[in-house]
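Undergrad:
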Amino acid sequence: MRQILRFVALWLFIAMSGPAWAAFSVTTPAGDQLEVKAFGTSQGGPLFLWLLNQYGETQRANSLAEALAEQGASVWQVDLLDGLMLQRSAEAIRNIDGTPVAALLTAAVRSGRRPIVLVASDRMAVPLLKGLREWQTQATHTRDVAGAVLFFPNLYRGTPIAGEDPEWMDIVRATNMPVLIMQPALGANRGRLPELMRVLQEAGSQAYSWLVRDVRDYYLFQTERPRSESLQALAGTVPVAVEQAVRDTPARLLAAARLLAASPHPVKPRPLEGQPIPAAAPAYGLIERPRRPAPGFALTDARGQRHTLAPGRITLVNFWATWCPPCVHEIPSMNRLAASYGPKDFAIVSINFKESAEHVQAFLKRVDVDFPVLLDDNGAVSSRWRVFAFPSSFLLDRQGKVRYSVNTAIEWDSDEVKTVIERLLREPDEPAAK
246 MRQILRFVAL WLFIAMSGPA WAAFSVTTPA GDQLEVKAFG TSQGGPLFLW LLNQYGETQR
306 ANSLAEALAE QGASVWQVDL LDGLMLQRSA EAIRNIDGTP VAALLTAAVR SGRRPIVLVA
366 SDRMAVPLLK GLREWQTQAT HTRDVAGAVL FFPNLYRGTP IAGEDPEWMD IVRATNMPVL
426 IMQPALGANR GRLPELMRVL QEAGSQAYSW LVRDVRDYYL FQTERPRSES LQALAGTVPV
486 AVEQAVRDTP ARLLAAARLL AASPHPVKPR PLEGQPIPAA APAYGLIERP RRPAPGFALT
546 DARGQRHTLA PGRITLVNFW ATWCPPCVHE IPSMNRLAAS YGPKDFAIVS INFKESAEHV
606 QAFLKRVDVD FPVLLDDNGA VSSRWRVFAF PSSFLLDRQG KVRYSVNTAI EWDSDEVKTV
666 IERLLREPDE PAAK
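FYI, the numbering for the sequence shown is 246 to 679, going by the working numbering.
1. Of the residues Ala634, Arg355, Arg558, Leu425, which one's Cα is nearest the Cα of Gln644?
2. Under the assumption that Glu412 contacts Tyr401 (Cβ atoms under 8 angstroms), give the Cβ distance between them as a whole number of angstroms.
3. Could you tell me if Gln299 is buried or exposed, where buried requires 16 or more neighbouring beta carbons within 10 angstroms of its beta carbon?
4. Look up Val662 in the DSSP assignment and say whether it is helix, strand or coil.
5. The alpha helix (DSSP H) with Val281 in it runs from where to where?
6. I need the straight-line Cα distance from Asp615 to Asn580, nearest angstrom please.
7. Out of Ser628, Tyr453, Pro540, state which residue places its alpha-carbon closest to the alpha-carbon of Met442.
8. Using DSSP with H/G/I as helix, E/B as strand and the rest coil, what is Gln697?
9. In its own chain, which residues sit with a C-beta less than 6 angstroms from the C-beta of Cys569, not counting the 5 before and 5 after it?
10. The ligand GDP and Leu465: does any heavy atom of the ligand fall closer than 8 angstroms to the residue's C-beta?
11. Helix, strand or coil: how does DSSP classify Arg247 here?
12. Can you tell me whether Ser348 is helix, strand or coil according to DSSP?
13. Considering just the uninterrupted stretch of the alpha helix (DSSP H) at Leu594, what are its terminal residues?
14. Determine the extent of the alpha helix (DSSP H) in which Arg492 is found, giving its start and end residues.
15. Which residues bound the alpha helix (DSSP H) around Glu311?
16. Would you mind stating whether Tyr649 and Val665 have Cβ atoms separated by less than 9 angstroms?
17. Are the beta-carbon atoms belonging to Leu465 and Thr494 less than 9 angstroms from one another?
18. Return the first residue and the last residue of the beta strand (DSSP E) that Gln428 is part of.
19. Report back the beta-carbon spacing between Lys646 and Arg472 to the nearest angstrom; my notes put them in contact at under 8 angstroms.
20. Do the CB positions of Ser578 and Asp658 come within less than 9 angstroms of each other?
21. Quick one: give me the first and last residue of the beta strand (DSSP E) that Val364 is part of.
22. Return helix, strand or coil for Arg668, following the three-state DSSP convention.
23. Between Asp674 and Ala555, what straight-line distance do the alpha-carbon atoms span, to the nearest angstrom?
24. Starting from His552, follow the beta strand (DSSP E) in both directions and report where the run begins and ends.
25. At which residues does the alpha helix (DSSP H) containing Trp321 begin and terminate?
26. With DSSP collapsed to three states, give me the class of Phe293.
27. So, at 8 angstroms on beta carbons, what are the nonlocal neighbours of His604 in its own chain, with the 5 sequence-adjacent residues on each side left out?
28. Would Met369 and Leu325 be called neighbours here (beta carbons separated by less than 9 angstroms)?
29. Take the Cβ of Tyr463 as the centre, count every other Cβ of all protein chains shown within 10 Å, and call the residue buried at 16 or more, exposed below.
30. For Ala654, which residues from the same chain have a beta carbon less than 7 angstroms from its beta carbon, with the 5 sequence-adjacent residues on both sides left out?
31. Would you check if the distance between the CB atom of Leu294 and the CB atom of Ala306 is smaller than 9 angstroms?
32. If the criterion is Cβ atoms closer than 9 angstroms, does the pair Ala391 and Arg359 meet it?
33. Who are the near neighbours of Gln606 in its chain, counting only those whose CB is closer than 7 angstroms to its CB and skipping five residues on each side?
34. Drop a sphere of 10 angstroms on the beta-carbon of Thr553, count the other beta-carbons inside from all chains shown, and report buried for 16 or more, exposed for fewer.
35. Use the C-beta contact count for Ala543: other C-beta atoms within 10 angstroms, 16 or more gives buried, fewer gives exposed.
36. Is it right to say His510 is buried, meaning 16 or more other beta carbons lie within 10 angstroms of its own, or is it exposed?
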(Lines of atoms letter the chains of each structure in order from A; the text may use other names.)
(Lines give C-alpha, C1' and ligand atoms only; values in the text may rest on other atoms or scores of the structure.)
Protein backbone atom coordinates (compact mmCIF):
# COMPACT_ATOMS: atom_id res chain seq x y z
CA MET A 246 0.00 0.00 0.00
CA ARG A 247 2.79 2.43 0.94
CA GLN A 248 4.56 1.66 -2.34
CA ILE A 249 1.42 2.43 -4.36
CA LEU A 250 0.95 5.74 -2.56
CA ARG A 251 4.63 6.57 -3.07
CA PHE A 252 4.61 6.17 -6.86
CA VAL A 253 1.27 7.98 -7.18
CA ALA A 254 2.71 10.89 -5.18
CA LEU A 255 5.85 10.86 -7.33
CA TRP A 256 3.75 10.92 -10.49
CA LEU A 257 1.69 13.86 -9.22
CA PHE A 258 4.82 15.78 -8.21
CA ILE A 259 6.48 15.34 -11.60
CA ALA A 260 3.28 15.94 -13.55
CA MET A 261 2.57 19.24 -11.80
CA SER A 262 6.05 20.52 -12.66
CA GLY A 263 5.12 20.65 -16.34
CA PRO A 264 6.80 17.99 -18.57
CA ALA A 265 4.79 16.25 -21.29
CA TRP A 266 5.11 12.94 -19.49
CA ALA A 267 6.28 11.50 -16.20
CA ALA A 268 7.79 8.15 -15.25
CA PHE A 269 7.24 5.79 -12.35
CA SER A 270 7.26 2.03 -11.80
CA VAL A 271 4.82 -0.58 -10.57
CA THR A 272 6.11 -3.70 -8.83
CA THR A 273 4.41 -6.99 -9.68
CA PRO A 274 3.84 -9.74 -7.08
CA ALA A 275 6.83 -11.56 -8.62
CA GLY A 276 9.06 -8.51 -8.02
CA ASP A 277 9.30 -7.31 -11.62
CA GLN A 278 9.49 -3.54 -12.09
CA LEU A 279 7.12 -2.30 -14.80
CA GLU A 280 8.14 1.15 -15.99
CA VAL A 281 5.18 3.42 -16.70
CA LYS A 282 5.35 6.46 -18.96
CA ALA A 283 2.47 8.75 -17.97
CA PHE A 284 0.95 11.47 -20.17
CA GLY A 285 -1.58 14.04 -18.97
CA THR A 286 -2.23 15.63 -15.59
CA SER A 287 -6.02 15.82 -15.55
CA GLN A 288 -7.78 14.08 -12.68
CA GLY A 289 -11.19 14.35 -14.33
CA GLY A 290 -10.72 12.61 -17.68
CA PRO A 291 -10.37 8.93 -18.52
CA LEU A 292 -7.19 6.97 -17.90
CA PHE A 293 -6.01 4.76 -20.76
CA LEU A 294 -3.66 1.99 -19.61
CA TRP A 295 -1.88 1.26 -22.89
CA LEU A 296 0.17 -1.91 -23.37
CA LEU A 297 2.74 -1.12 -26.05
CA ASN A 298 2.99 -3.35 -29.11
CA GLN A 299 5.33 -6.32 -29.31
CA TYR A 300 7.67 -4.52 -31.71
CA GLY A 301 8.62 -1.78 -29.27
CA GLU A 302 7.50 0.85 -31.78
CA THR A 303 6.55 4.03 -29.91
CA GLN A 304 6.32 6.86 -32.48
CA ARG A 305 2.57 6.62 -33.06
CA ALA A 306 1.90 5.56 -29.47
CA ASN A 307 3.58 8.69 -28.11
CA SER A 308 1.80 11.04 -30.50
CA LEU A 309 -1.57 9.45 -29.70
CA ALA A 310 -0.87 9.71 -25.97
CA GLU A 311 -0.01 13.39 -26.34
CA ALA A 312 -3.19 14.01 -28.36
CA LEU A 313 -5.31 12.28 -25.72
CA ALA A 314 -3.63 14.30 -22.96
CA GLU A 315 -4.44 17.52 -24.82
CA GLN A 316 -8.11 16.48 -24.71
CA GLY A 317 -8.12 15.94 -20.96
CA ALA A 318 -7.29 12.24 -20.75
CA SER A 319 -4.39 10.50 -19.04
CA VAL A 320 -2.35 7.72 -20.65
CA TRP A 321 -0.09 5.22 -18.91
CA GLN A 322 2.17 3.48 -21.42
CA VAL A 323 3.78 0.18 -20.43
CA ASP A 324 6.12 -2.08 -22.40
CA LEU A 325 5.39 -5.44 -20.77
CA LEU A 326 8.07 -7.33 -22.68
CA ASP A 327 10.73 -4.86 -21.61
CA GLY A 328 9.60 -4.82 -17.98
CA LEU A 329 9.42 -8.61 -17.76
CA MET A 330 12.68 -8.99 -19.72
CA LEU A 331 11.07 -11.29 -22.28
CA GLN A 332 11.94 -11.97 -25.89
CA ARG A 333 9.83 -10.06 -28.41
CA SER A 334 8.14 -13.16 -29.78
CA ALA A 335 4.57 -14.31 -30.24
CA GLU A 336 5.10 -17.31 -27.97
CA ALA A 337 6.47 -15.17 -25.12
CA ILE A 338 3.52 -12.79 -25.36
CA ARG A 339 0.90 -15.54 -25.33
CA ASN A 340 2.50 -17.15 -22.26
CA ILE A 341 2.44 -14.03 -20.05
CA ASP A 342 0.05 -14.63 -17.16
CA GLY A 343 -2.41 -12.09 -15.78
CA THR A 344 -0.52 -10.83 -12.73
CA PRO A 345 1.51 -7.99 -14.33
CA VAL A 346 -1.51 -6.33 -15.94
CA ALA A 347 -3.58 -6.90 -12.79
CA ALA A 348 -0.90 -5.05 -10.79
CA LEU A 349 -1.07 -2.15 -13.23
CA LEU A 350 -4.86 -2.05 -12.96
CA THR A 351 -4.68 -2.01 -9.17
CA ALA A 352 -2.35 0.98 -9.36
CA ALA A 353 -4.63 2.70 -11.85
CA VAL A 354 -7.67 2.21 -9.61
CA ARG A 355 -5.75 3.62 -6.62
CA SER A 356 -4.88 6.73 -8.67
CA GLY A 357 -8.53 7.79 -8.48
CA ARG A 358 -8.94 8.40 -12.21
CA ARG A 359 -12.09 7.20 -13.96
CA PRO A 360 -13.00 5.66 -16.27
CA ILE A 361 -10.04 3.30 -16.66
CA VAL A 362 -9.69 1.67 -20.08
CA LEU A 363 -7.13 -0.93 -21.08
CA VAL A 364 -5.75 -0.60 -24.63
CA ALA A 365 -3.66 -3.03 -26.68
CA SER A 366 -3.19 -4.24 -30.24
CA ASP A 367 -2.41 -7.44 -32.09
CA ARG A 368 -1.02 -10.19 -29.81
CA MET A 369 -0.77 -7.94 -26.75
CA ALA A 370 -4.55 -8.36 -26.46
CA VAL A 371 -3.93 -11.79 -24.89
CA PRO A 372 -2.02 -10.64 -21.75
CA LEU A 373 -4.45 -7.72 -21.53
CA LEU A 374 -7.48 -10.02 -21.23
CA LYS A 375 -5.64 -12.32 -18.83
CA GLY A 376 -4.77 -9.35 -16.63
CA LEU A 377 -8.28 -7.94 -16.76
CA ARG A 378 -9.72 -11.23 -15.54
CA GLU A 379 -7.01 -11.60 -12.86
CA TRP A 380 -7.86 -8.12 -11.58
CA GLN A 381 -11.56 -9.11 -11.47
CA THR A 382 -10.77 -11.93 -9.05
CA GLN A 383 -9.43 -9.34 -6.57
CA ALA A 384 -11.72 -6.39 -7.27
CA THR A 385 -14.41 -5.12 -4.94
CA HIS A 386 -16.15 -3.08 -7.63
CA THR A 387 -15.71 -4.26 -11.22
CA ARG A 388 -16.99 -0.89 -12.46
CA ASP A 389 -13.71 0.65 -11.32
CA VAL A 390 -12.41 -0.49 -14.72
CA ALA A 391 -14.58 0.39 -17.71
CA GLY A 392 -13.21 -2.35 -19.97
CA ALA A 393 -10.80 -2.80 -22.87
CA VAL A 394 -10.25 -1.49 -26.40
CA LEU A 395 -8.46 -3.95 -28.68
CA PHE A 396 -7.01 -2.80 -32.00
CA PHE A 397 -6.83 -5.62 -34.61
CA PRO A 398 -6.49 -8.24 -31.85
CA ASN A 399 -4.80 -11.58 -32.46
CA LEU A 400 -6.41 -13.80 -29.83
CA TYR A 401 -5.47 -17.18 -31.27
CA ARG A 402 -3.37 -19.95 -29.74
CA GLY A 403 -0.94 -19.60 -32.60
CA THR A 404 -0.68 -19.68 -36.35
CA PRO A 405 -2.44 -22.87 -37.49
CA ILE A 406 -1.30 -25.14 -40.28
CA ALA A 407 -2.35 -23.47 -43.52
CA GLY A 408 -5.83 -24.67 -44.38
CA GLU A 409 -6.97 -25.23 -40.79
CA ASP A 410 -9.09 -22.94 -38.65
CA PRO A 411 -7.28 -21.15 -35.79
CA GLU A 412 -8.19 -21.84 -32.16
CA TRP A 413 -9.01 -19.16 -29.60
CA MET A 414 -6.91 -18.74 -26.50
CA ASP A 415 -8.99 -19.97 -23.56
CA ILE A 416 -9.04 -16.46 -22.03
CA VAL A 417 -11.39 -15.32 -24.82
CA ARG A 418 -14.14 -17.65 -23.59
CA ALA A 419 -13.51 -16.50 -20.01
CA THR A 420 -13.81 -12.74 -20.69
CA ASN A 421 -17.03 -11.13 -19.45
CA MET A 422 -15.90 -7.53 -18.94
CA PRO A 423 -16.90 -4.95 -21.60
CA VAL A 424 -14.68 -5.09 -24.70
CA LEU A 425 -14.58 -2.98 -27.86
CA ILE A 426 -12.82 -4.24 -30.99
CA MET A 427 -11.31 -1.68 -33.39
CA GLN A 428 -11.15 -3.78 -36.55
CA PRO A 429 -9.51 -2.51 -39.77
CA ALA A 430 -11.92 -3.09 -42.64
CA LEU A 431 -9.05 -4.44 -44.79
CA GLY A 432 -7.47 -6.46 -41.98
CA ALA A 433 -6.60 -10.14 -42.21
CA ASN A 434 -9.11 -11.09 -39.50
CA ARG A 435 -12.02 -9.00 -40.73
CA GLY A 436 -13.88 -12.13 -41.84
CA ARG A 437 -13.50 -13.72 -38.39
CA LEU A 438 -14.88 -10.72 -36.51
CA PRO A 439 -18.46 -12.08 -36.24
CA GLU A 440 -17.15 -15.28 -34.64
CA LEU A 441 -15.05 -13.31 -32.14
CA MET A 442 -18.06 -11.19 -31.21
CA ARG A 443 -20.17 -14.31 -30.75
CA VAL A 444 -17.60 -15.97 -28.48
CA LEU A 445 -17.21 -12.84 -26.32
CA GLN A 446 -20.94 -12.31 -26.02
CA GLU A 447 -21.55 -15.96 -25.13
CA ALA A 448 -19.00 -15.52 -22.34
CA GLY A 449 -21.09 -12.63 -20.97
CA SER A 450 -19.06 -9.72 -22.30
CA GLN A 451 -20.84 -6.59 -23.45
CA ALA A 452 -18.80 -6.65 -26.65
CA TYR A 453 -18.77 -4.04 -29.40
CA SER A 454 -16.99 -3.79 -32.75
CA TRP A 455 -16.15 -0.68 -34.75
CA LEU A 456 -14.78 -0.95 -38.29
CA VAL A 457 -11.95 1.39 -39.27
CA ARG A 458 -12.43 2.06 -42.97
CA ASP A 459 -9.80 1.78 -45.72
CA VAL A 460 -6.91 0.60 -43.50
CA ARG A 461 -5.13 -2.66 -42.76
CA ASP A 462 -3.74 -4.26 -39.63
CA TYR A 463 -0.79 -2.42 -38.04
CA TYR A 464 -1.98 0.94 -39.33
CA LEU A 465 -1.27 2.40 -35.88
CA PHE A 466 2.42 1.55 -36.35
CA GLN A 467 2.80 2.90 -39.89
CA THR A 468 5.28 5.76 -40.22
CA GLU A 469 7.71 6.91 -42.89
CA ARG A 470 10.65 5.51 -40.93
CA PRO A 471 9.67 2.87 -38.34
CA ARG A 472 12.33 2.29 -35.70
CA SER A 473 11.58 -1.42 -35.43
CA GLU A 474 13.22 -3.65 -38.05
CA SER A 475 10.12 -5.87 -37.96
CA LEU A 476 8.00 -3.02 -39.35
CA GLN A 477 10.23 -1.92 -42.22
CA ALA A 478 7.62 -3.15 -44.71
CA LEU A 479 5.42 -0.29 -43.47
CA ALA A 480 8.08 2.34 -44.23
CA GLY A 481 7.53 5.00 -46.87
CA THR A 482 4.81 7.48 -47.63
CA VAL A 483 1.89 6.94 -45.27
CA PRO A 484 -1.43 6.62 -47.15
CA VAL A 485 -4.00 9.36 -46.64
CA ALA A 486 -6.49 6.84 -45.24
CA VAL A 487 -4.00 5.77 -42.58
CA GLU A 488 -3.21 9.35 -41.55
CA GLN A 489 -6.93 10.07 -41.25
CA ALA A 490 -7.57 6.93 -39.22
CA VAL A 491 -4.73 7.81 -36.84
CA ARG A 492 -6.04 11.38 -36.45
CA ASP A 493 -9.48 9.97 -35.63
CA THR A 494 -8.13 7.54 -33.04
CA PRO A 495 -8.14 9.86 -29.97
CA ALA A 496 -11.78 10.79 -30.56
CA ARG A 497 -12.67 7.13 -31.06
CA LEU A 498 -10.94 6.17 -27.84
CA LEU A 499 -12.70 8.87 -25.85
CA ALA A 500 -16.04 7.73 -27.27
CA ALA A 501 -15.14 4.12 -26.50
CA ALA A 502 -14.32 5.05 -22.89
CA ARG A 503 -17.76 6.59 -22.45
CA LEU A 504 -19.47 3.58 -24.03
CA LEU A 505 -17.58 1.00 -21.98
CA ALA A 506 -18.10 2.91 -18.73
CA ALA A 507 -21.86 2.99 -19.32
CA SER A 508 -22.07 -0.72 -20.21
CA PRO A 509 -23.29 -3.48 -17.89
CA HIS A 510 -20.47 -4.99 -15.83
CA PRO A 511 -20.32 -8.50 -14.38
CA VAL A 512 -20.43 -9.07 -10.64
CA LYS A 513 -17.68 -11.70 -10.77
CA PRO A 514 -15.33 -13.17 -13.37
CA ARG A 515 -16.36 -16.04 -15.59
CA PRO A 516 -14.68 -19.32 -14.58
CA LEU A 517 -11.95 -20.72 -16.79
CA GLU A 518 -13.13 -24.03 -18.20
CA GLY A 519 -10.74 -26.91 -17.55
CA GLN A 520 -6.97 -26.60 -17.51
CA PRO A 521 -5.38 -23.58 -19.24
CA ILE A 522 -4.56 -24.34 -22.87
CA PRO A 523 -0.98 -23.38 -23.76
CA ALA A 524 -0.04 -21.40 -26.84
CA ALA A 525 0.30 -23.56 -29.93
CA ALA A 526 3.80 -24.36 -31.14
CA PRO A 527 4.52 -22.96 -34.60
CA ALA A 528 4.69 -25.32 -37.57
CA TYR A 529 7.56 -24.90 -40.04
CA GLY A 530 8.16 -26.10 -43.58
CA LEU A 531 6.00 -28.24 -45.82
CA ILE A 532 3.31 -30.07 -43.85
CA GLU A 533 1.64 -33.08 -45.44
CA ARG A 534 -2.14 -32.71 -45.50
CA PRO A 535 -5.09 -35.08 -45.98
CA ARG A 536 -5.99 -35.44 -49.66
CA ARG A 537 -8.91 -33.08 -50.15
CA PRO A 538 -10.04 -31.20 -53.24
CA ALA A 539 -8.79 -27.61 -53.21
CA PRO A 540 -11.53 -24.96 -52.85
CA GLY A 541 -10.71 -23.48 -56.26
CA PHE A 542 -11.00 -19.87 -57.41
CA ALA A 543 -12.07 -17.67 -60.30
CA LEU A 544 -10.11 -14.42 -60.12
CA THR A 545 -8.63 -11.79 -62.40
CA ASP A 546 -4.99 -10.86 -62.37
CA ALA A 547 -3.54 -7.36 -62.10
CA ARG A 548 -3.96 -6.90 -65.87
CA GLY A 549 -7.59 -8.01 -65.95
CA GLN A 550 -7.13 -11.56 -67.28
CA ARG A 551 -9.35 -14.19 -65.64
CA HIS A 552 -7.88 -17.36 -64.11
CA THR A 553 -9.33 -20.54 -62.62
CA LEU A 554 -7.69 -23.51 -60.95
CA ALA A 555 -6.92 -26.08 -63.65
CA PRO A 556 -5.94 -29.66 -62.71
CA GLY A 557 -3.52 -31.74 -64.76
CA ARG A 558 -0.24 -30.44 -63.30
CA ILE A 559 1.34 -29.83 -59.91
CA THR A 560 0.28 -26.37 -58.74
CA LEU A 561 1.65 -24.14 -56.01
CA VAL A 562 -1.02 -21.70 -54.80
CA ASN A 563 0.54 -18.88 -52.77
CA PHE A 564 -1.42 -16.30 -50.72
CA TRP A 565 0.52 -13.12 -50.03
CA ALA A 566 0.52 -9.31 -49.78
CA THR A 567 3.03 -6.61 -50.73
CA TRP A 568 3.14 -5.30 -47.14
CA CYS A 569 4.34 -8.69 -45.87
CA PRO A 570 8.19 -8.83 -45.84
CA PRO A 571 8.43 -12.66 -45.77
CA CYS A 572 6.03 -12.82 -48.74
CA VAL A 573 8.28 -10.58 -50.81
CA HIS A 574 11.41 -12.37 -49.61
CA GLU A 575 10.31 -15.74 -51.03
CA ILE A 576 9.40 -14.46 -54.52
CA PRO A 577 12.91 -14.96 -56.03
CA SER A 578 13.02 -18.60 -54.90
CA MET A 579 9.54 -19.13 -56.36
CA ASN A 580 10.75 -17.66 -59.66
CA ARG A 581 13.65 -20.10 -59.66
CA LEU A 582 11.34 -23.01 -58.83
CA ALA A 583 8.98 -22.11 -61.68
CA ALA A 584 11.93 -22.06 -64.09
CA SER A 585 12.93 -25.59 -63.03
CA TYR A 586 9.88 -27.28 -64.56
CA GLY A 587 7.97 -27.13 -67.80
CA PRO A 588 4.53 -25.45 -67.83
CA LYS A 589 2.79 -28.80 -68.48
CA ASP A 590 4.21 -30.26 -65.27
CA PHE A 591 4.19 -27.40 -62.79
CA ALA A 592 2.65 -23.96 -62.25
CA ILE A 593 2.65 -21.26 -59.59
CA VAL A 594 -0.35 -19.05 -58.96
CA SER A 595 -0.14 -16.28 -56.38
CA ILE A 596 -3.24 -14.69 -54.85
CA ASN A 597 -2.85 -11.19 -53.46
CA PHE A 598 -4.89 -10.30 -50.37
CA LYS A 599 -7.11 -7.21 -50.59
CA GLU A 600 -4.83 -4.88 -52.56
CA SER A 601 -5.84 -2.85 -55.59
CA ALA A 602 -4.82 -3.66 -59.15
CA GLU A 603 -3.01 -0.31 -59.37
CA HIS A 604 -0.98 -1.03 -56.25
CA VAL A 605 -0.06 -4.53 -57.40
CA GLN A 606 0.91 -3.28 -60.87
CA ALA A 607 3.21 -0.69 -59.30
CA PHE A 608 4.79 -3.44 -57.20
CA LEU A 609 5.31 -5.65 -60.27
CA LYS A 610 7.25 -2.82 -61.93
CA ARG A 611 9.74 -2.91 -59.04
CA VAL A 612 9.90 -6.64 -58.33
CA ASP A 613 10.22 -9.43 -60.89
CA VAL A 614 7.42 -11.98 -60.52
CA ASP A 615 7.42 -14.76 -63.13
CA PHE A 616 3.95 -16.17 -62.43
CA PRO A 617 0.37 -14.83 -62.40
CA VAL A 618 -0.67 -12.53 -59.54
CA LEU A 619 -4.43 -12.79 -58.96
CA LEU A 620 -6.47 -10.31 -56.94
CA ASP A 621 -8.58 -11.45 -53.99
CA ASP A 622 -9.92 -7.94 -53.51
CA ASN A 623 -12.52 -8.81 -50.85
CA GLY A 624 -10.65 -11.66 -49.15
CA ALA A 625 -13.37 -14.23 -49.95
CA VAL A 626 -11.03 -16.72 -51.63
CA SER A 627 -8.52 -16.47 -48.78
CA SER A 628 -11.32 -17.24 -46.33
CA ARG A 629 -12.45 -20.30 -48.33
CA TRP A 630 -8.90 -21.62 -48.31
CA ARG A 631 -8.72 -20.91 -44.55
CA VAL A 632 -5.74 -18.62 -44.87
CA PHE A 633 -4.87 -17.12 -41.50
CA ALA A 634 -1.30 -15.87 -41.95
CA PHE A 635 0.76 -14.50 -44.81
CA PRO A 636 2.38 -16.02 -46.68
CA SER A 637 0.37 -19.25 -46.79
CA SER A 638 0.93 -21.73 -49.60
CA PHE A 639 -0.63 -24.97 -50.81
CA LEU A 640 0.94 -27.62 -53.03
CA LEU A 641 -1.68 -29.41 -55.15
CA ASP A 642 -1.35 -32.67 -57.05
CA ARG A 643 -2.45 -33.19 -60.66
CA GLN A 644 -5.99 -34.01 -59.53
CA GLY A 645 -6.29 -30.62 -57.83
CA LYS A 646 -6.09 -32.02 -54.30
CA VAL A 647 -4.18 -30.31 -51.50
CA ARG A 648 -1.19 -32.47 -50.53
CA TYR A 649 1.04 -30.07 -48.60
CA SER A 650 0.76 -26.63 -47.04
CA VAL A 651 3.08 -24.14 -45.38
CA ASN A 652 2.25 -21.01 -43.37
CA THR A 653 5.65 -19.33 -43.43
CA ALA A 654 8.10 -18.16 -46.06
CA ILE A 655 10.53 -20.83 -47.25
CA GLU A 656 13.18 -21.26 -49.93
CA TRP A 657 11.01 -22.79 -52.63
CA ASP A 658 13.83 -24.03 -54.85
CA SER A 659 15.35 -26.15 -52.08
CA ASP A 660 16.09 -29.85 -52.59
CA GLU A 661 13.38 -30.72 -50.05
CA VAL A 662 10.65 -28.97 -52.04
CA LYS A 663 11.85 -30.33 -55.38
CA THR A 664 11.89 -33.87 -53.98
CA VAL A 665 8.24 -33.50 -52.97
CA ILE A 666 7.24 -32.08 -56.37
CA GLU A 667 9.04 -34.84 -58.26
CA ARG A 668 7.38 -37.48 -56.10
CA LEU A 669 3.98 -35.97 -56.91
CA LEU A 670 4.87 -35.92 -60.62
CA ARG A 671 5.64 -39.66 -60.52
CA GLU A 672 2.28 -40.55 -58.99
CA PRO A 673 -0.08 -42.35 -61.39
CA ASP A 674 -3.26 -40.59 -62.41
CA GLU A 675 -6.32 -41.52 -60.37
CA PRO A 676 -8.91 -43.49 -62.32
CA ALA A 677 -11.82 -41.41 -63.53
CA ALA A 678 -14.99 -41.70 -61.48
CA LYS A 679 -17.72 -43.78 -63.15
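Note that the Cβ used here is the ideal one computed from N, Cα and C, for glycine as well.
TA: In short:
1. Nearest option by C-alpha distance: Arg558.
2. That pair is a contact at about 6 angstroms.
3. Label assigned to Gln299: buried.
4. The answer is helix: DSSP assigns Val662 an H, G or I state.
5. Judged by DSSP secondary structure, Val281 falls outside any alpha helix (DSSP H) and instead within the beta strand (DSSP E) spanning 278 to 284.
6. Rounded to whole angstroms, the gap between the alpha carbons of Asp615 and Asn580 is 6 angstroms.
7. Of the candidates Ser628, Tyr453, Pro540, the one whose C-alpha sits nearest the C-alpha of Met442 is Tyr453.
8. Here the chain comprises residues numbered 246 to 679, so residue 697 is not present and cannot be evaluated.
9. Same-chain partners within the cutoff: Phe635.
10. As far as ligands go, the structure on display features none, and thus does not contain the ligand GDP.
11. Any reading at Arg247 must be qualified, since the residue scores a pLDDT of 47, below 50, and its modelled position is unreliable; the value itself is stated next. Arg247 sits in a helix when the DSSP states are folded into three classes.
12. Per the sequence presented here, residue 348 reads as Ala, with Ser not at that position. Residue state, collapsed to three classes: helix.
13. Leu is not the amino acid found at residue 594; the sequence shown has Val there. In the DSSP annotation of this structure, Val594 is not part of any alpha helix (DSSP H); the continuous beta strand (DSSP E) holding it starts and ends at 591 to 598.
14. Arg492 -> alpha helix (DSSP H) spans 485 to 507.
15. Unbroken alpha helix (DSSP H) run through Glu311: 304 to 315.
16. Between Tyr649 and Val665, the C-beta spacing is below 9 angstroms.
17. Thr494 is positioned such that its CB atom lies closer than 9 angstroms to that of Leu465.
18. Note, Gln428: beta strand (DSSP E), 424 to 429.
19. The Cβ separation is near 45 angstroms, so there is no contact.
20. For Ser578 and Asp658, yes; Cβs fall inside 9 angstroms.
21. It spans 361 to 366 - the beta strand (DSSP E) in which Val364 sits, taken as one unbroken run.
22. In this structure, DSSP gives Arg668 a helical state, which the three-state scheme calls helix.
23. For Asp674 and Ala555, the distance between alpha carbons rounds to 15 angstroms.
24. 551 to 553 is the extent of the beta strand (DSSP E) around His552.
25. Looking at the DSSP string, Trp321 is not in any alpha helix (DSSP H); the run it does join, the beta strand (DSSP E), is 319 to 323.
26. In the structure shown, Phe293 sits in a strand (DSSP, three-state: E or B).
27. Same-chain partners within the cutoff: Thr567.
28. In this structure, Leu325 lies closer than 9 angstroms to Met369 by Cβ.
29. Counting C-beta atoms within 10 angstroms of its own C-beta, Tyr463 has 16 or more neighbours from the protein chains shown and is therefore classed as buried.
30. If you ignore the 5 residues before and after Ala654, its C-beta comes within less than 7 angstroms of the C-beta of Pro571, Cys572, His574, Glu575, Pro636, all in its own chain and listed in chain order.
31. Not closer than 9 angstroms, so no.
32. The answer is yes: Cβ separation under 9 angstroms.
33. For Gln606, where only same-chain residues beyond five positions count, the Cβ hits under 7 angstroms are Ala547.
34. Around the beta carbon of Thr553, fewer than 16 other beta carbons lie within 10 angstroms, which makes this residue exposed.
35. With fewer than 16 other Cβ atoms within 10 Å, it is exposed.
36. Buried.
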